[in-house]
Amino acid sequence: MKPEYHGSTDVAETGARRDQAPCPDVLLVGDSHVLALHQGCEAHGIRSTMLKSGGIHWNEGKIRVFGPRRARSPFLPALGPSVRNLETQLGLGDIFDNGIPVIASIGFHCGHLARAFGAEGHVAWPPPDALPKEDPGDTLFASRSLLDAFVEERRARHFALLRYINGKCRLTVILPPRAPKNAPKFRFRHNIDALTACIARKIDDMGIDIYDPNTEFVGPDELLPWEWVNEDGFHGTPEYGARAVERLLSRGALRP
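Read left to right, the sequence shown gives residues 763 to 1018 (the numbering used here).
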């Protein structure tokens, strides 16, 4: 049974030193998209701790999840020092053991994934409306079964990690912003969307709470407006993060 979390406490209650920082109200785990959520938490007075590493590290899938008899945090090698520091702060061998809610941006990283999927010219079926009427031989259409198999192979460890966390505490997986940077690359954009939808469907099938701010903020199949996206064209602004956190609060994924 997942432990019930009733808000932040002094970490001395968990066995850590009394002069250390108090427990966070939420753990933000994942790629660089969690930064906007961290900024959103700050705007709402919510104490958050980030375990953040670049999508390139998450995409590699070098994730270690230990068996139930080992009270040790699962981790990504790039996050090892941060995880160990948080274990010390919380006084726990496994950072997910005291039921702190988790918001995760894990398993997508679809810019990296779409490059691999489309390396030989594959385009997920059904094709995008914008696909030119070129020689059919120029495009290799990939069935849903092929897309599913590709995702299962490339994201097996990510799914294992999410199942592990979900078994320990309240977990909400948040979809990345559907940002405008790749809009002109319609094949690439289409494959990103198809992979994202496939991954989200599989996470939902695992019984894990999943939240898509894009659909709520701008509607299905629409891109976020540039004013909600950083200059890099990919990551949400602090305003976007504040709006997303506001919705997570209303859904009960977080407590003020």
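Ideal Cβ positions, reconstructed from N, Cα and C, are used throughout, including at glycine.
- HIS884 has LEU902 as its beta-bridge partners, per DSSP.
- For ILE865, the enclosing beta strand (DSSP E) covers residues 864 to 867.
- Per DSSP, the continuous alpha helix (DSSP H) segment holding GLY802 begins and ends at 796 to 805.
- GLY802 sits close to ALA1006, with the two beta carbons spaced by under 7 Å.
- Under the three-state reduction of DSSP, VAL827 is assigned to coil, being neither helix nor strand.
- In the displayed model, LYS943 falls within coil according to three-state DSSP, outside both helix and strand.
- Bounds of the alpha helix (DSSP H) holding THR850 are 842 to 852.
- Check the Cα spacing between ARG949 and each of LEU924, ALA962, GLU989, LEU902: the tightest is with LEU902.
- Separation of the CB atoms of MET812 and LEU790 is rounded to 5 Å, and the pair is thereby assigned contact status at 8 Å.
- Collapsing the DSSP output to three states places THR977 in a helix.
- With a 10 Å radius around the Cβ and a threshold of 16 neighbouring Cβ atoms, ILE862 comes out buried.
- Per DSSP, reduced to three states, the secondary structure at GLY817 is helical.
- Distance between VAL935 and GLU882, taken at the CA atoms: about 30 Å.
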